Amino acid sequence: MSLPINLANNNESWIGSSDALFQLKNEINKLASSILPIHIVGEPGTGKQFAAQKIHQLSNKEGSFIMSCCTHWTANNVLNEFDTLISQLKKGTIYLKNIDSLSCEQFDVIKDYWLNEITDKEAVRLITSTTPQKQTAALQLTDPATPLDWLHYHCLGLLIPTLSQREEDIIAFIETYQLTDKNIAQLTFSSSAIAILKSYRWPNNVKQLKRCLDKLTFLNDYQEINAQTLTHIFPSMASTPSSHNTEIVEVTPPSPLLAYNFHQDITELHTNILLTEHTHCQTTPAIKNKPHPALQRALQHIDENYTKPLSLSEVANCACVSPSHLSFLFKRYVGQSFKQTLLRLRIKTAMTLLREDPYCQVTEVCDDVGFSDLSFFVRKFKAVVGVSPGVYRDQRAKH
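Each residue of the sequence shown is one higher than the last, beginning at 1 in the UniProt record's numbering.
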């Protein structure tokens, strides 16, 4: 079965900001710049076809993208099946799903194409895929003539991470589904339920997560889902050991207004964001005393330039990482976004100036710490400290 897929208006993107996903997107960008065939290895539900589509979109291929499942090919007519696909395309991409379903004899009939057209820029690009289990089994055979073994040595490789390797992205997946499904939008999860979802192995990955959420909408009557609810409906989750010391995060239906979390003491926060020798990160104990190099560069740049206009892109450039990855680093290691970090640092400095000079003008302090809008400064200062800058200054003057 062959399926032409129109990607002209496809603006879908990967969901999440984990390290594993960041590395995957980097690999896809590299592969897209090559004309060589690609062999994708990934478990069911990890997004092998989506990865193939992204490679096609990012490459210089002007033709169409066609997906064909080799499982449905006629056993005795493989060459005709393949020739039919080739004839439909020019400069496009053919994604051969489940290439492992072809026997050695069937694959031998068509494998010359990988060799004859491999350097032809006008040729159709070939992308194949299989599962890690089948790929590993093929490489362990004493007979190296299997299709998967042959593809391993004649194609560029791409390994898709599992959902369990992207556990930081699980909340992002849930929030995305809540935005597109009114039933899932009603679900709320306790911290204990989130811990189970993050520690579960997810053998069928993202597809399984979506199906579990669909099932919960019918069986839970929209009550808060806790650990007991999950293990009752999905018994296999009860025996899943937690392999990570994961910080628990509440997941609630998406709100039209995402408010800042300003309840943490501002002085303690300033100590945390500078990340000296006591970096605090519950999610990754192994690096507790070793700040991420890119984040360290970013925080140093912010600390030296917070009184000037700063953007995430500018700071990311100084840290030698992409803006999306730097955003992820802030949320993972600092516990808040880049904007929140910059805002709190400016307000903390404003508090110091107001305490030290009881005769200072609020407008001058606003400018000195990097705010360009006085009303915004006053509003955010009050949200963090509890009183306006003027009241805060006067209260400290009395003491």
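Each residue gets a CB set at the ideal place from its N, CA and C atoms; glycine is no exception. Since the structure is predicted, the reported quantities are computational estimates derived from the model, not experimental observations.
{"Asked": "Among the residues of its own chain, which have a CB less than 6 angstroms from the CB of V109, if the five just before and after it don't count?", "Found": "V78 and L79"}
{"Asked": "List in chain order: all unbroken alpha helix (DSSP H) runs of 4+ residues lying wholly within the stretch 168 to 200.", "Found": "170 to 180 and 191 to 199"}
{"Asked": "Need the endpoints of the beta strand (DSSP E) that L353 sits in, please.", "Found": "Looking at the DSSP string, L353 is not in any beta strand (DSSP E); the run it does join, the alpha helix (DSSP H), is F338 to E356."}
{"Asked": "Does the Cβ of Q361 have 16 or more other Cβ atoms within 10 Å, making it buried, or fewer, making it exposed?", "Found": "exposed"}
{"Asked": "Tell me, to the nearest whole angstrom, how far the beta carbon of L230 is from that of A185; I am working on the premise that it is less than 8 angstroms.", "Found": "With a Cβ gap of about 19 angstroms, L230 and A185 do not count as contacting."}
{"Asked": "Just the Cα atoms here: how many angstroms apart are L148 and L312?", "Found": "43 angstroms"}
{"Asked": "Do the CB positions of V41 and Q135 come within less than 8 angstroms of each other?", "Found": "yes"}
{"Asked": "If you reduce the DSSP assignment to three classes, tell me which class K97 lands in.", "Found": "strand"}
{"Asked": "Leaving out five residues before and five after S164 in sequence, what residues of the same chain have Cβ atoms less than 6 angstroms from its Cβ?", "Found": "R201 and W202"}
{"Asked": "If you pair each beta-carbon of the stretch 167 to 179 with each one of the stretch 22 to 37, do three or more pairs fall below 8 angstroms?", "Found": "no"}
{"Asked": "Rounded to the nearest angstrom, what separates Q228 and T217 at their Cα positions?", "Found": "16 angstroms"}
{"Asked": "Taking DSSP as the reference, what is the three-state secondary structure of C155?", "Found": "coil"}
{"Asked": "Measuring straight from C-alpha to C-alpha, what distance separates K54 and S191?", "Found": "34 angstroms"}
{"Asked": "For G386, count neighbouring C-beta atoms within 10 Å of its own C-beta (all shown protein chains included) and say buried if the count is 16 or more, exposed if not.", "Found": "exposed"}
{"Asked": "K339: which of L158, N76 and S327 sits nearest, CA to CA?", "Found": "S327"}
{"Asked": "Look at Y177 and L213 and say whether their C-beta atoms are less than 8 angstroms apart.", "Found": "yes"}
{"Asked": "Using beta-carbon positions only, say whether V315 and H292 come within less than 8 angstroms of one another.", "Found": "no"}
{"Asked": "Suppose contacts are defined by Cβ-Cβ distances below 8 angstroms. Is L344 in contact with V391 by that definition?", "Found": "According to the sequence as given, residue 344 is Arg; it is not Leu. In this structure, V391 does not lie closer than 8 angstroms to R344 by Cβ."}
{"Asked": "Can you tell which of T162, A195 and L342 has the C-alpha that lies nearest to the C-alpha of D19?", "Found": "T162"}
{"Asked": "Does the pairing of the stretch 51 to 68 with the stretch 23 to 33 give three or more beta-carbon distances under 8 angstroms?", "Found": "yes"}
{"Asked": "In whole angstroms, what is the alpha-carbon distance linking H72 and R211?", "Found": "25 angstroms"}
{"Asked": "Whose C-alpha, out of E12, E43 and L342, is nearest the C-alpha of L158?", "Found": "E43"}
{"Asked": "For L310 and V206, what's the separation of their Cα atoms in angstroms?", "Found": "36 angstroms"}
{"Asked": "Is the stretch 64 to 71 close to the stretch 92 to 112, with three or more CB pairs under 8 angstroms?", "Found": "yes"}
{"Asked": "Relative to the alpha-carbon of L179, which residue among A350, C320, L115 and I15 has its alpha-carbon at the smallest distance?", "Found": "I15"}
{"Asked": "What three-state label does DSSP hand T130 in the structure shown?", "Found": "strand"}
{"Asked": "Do L102 and W114 come within 8 angstroms of each other at the CB atom, strictly closer than that value?", "Found": "no"}
{"Asked": "Are the beta-carbon atoms belonging to A294 and L342 less than 8 angstroms from one another?", "Found": "no"}
{"Asked": "Based on the DSSP secondary-structure assignment, which residues constitute the bridge partners of V41?", "Found": "T130 and L159"}
{"Asked": "Taking the Cβ atom as the reference point for each residue, do D367 and L353 lie within a distance shorter than 8 angstroms?", "Found": "no"}
{"Asked": "Given a cut-off of 8 angstroms, decide if R346 and F371 are closer than it, judged by their beta-carbon atoms.", "Found": "yes"}
{"Asked": "Less than 8 angstroms between the beta carbons of A145 and C104, yes or no?", "Found": "yes"}
{"Asked": "Below 8 angstroms between beta carbons: does that hold for L187 and I225?", "Found": "yes"}
{"Asked": "So is N272 buried or exposed if we call it buried at 16+ other beta carbons inside 10 Å?", "Found": "Annotation note: pLDDT 49 at N272 (below 50); position unreliable, coordinate value reported separately. It counts as buried."}
{"Asked": "Tell me which residues share the same chain as V365 and place their Cβ nearer than 7 angstroms to its Cβ, disregarding the 5 neighbours each side in the sequence.", "Found": "A350, L353, L354 and P389"}
{"Asked": "Would you please verify whether the beta carbon of T231 is less than 8 angstroms from any beta carbon of chain C?", "Found": "In the displayed structure, chain C is absent; only one protein chain is listed."}
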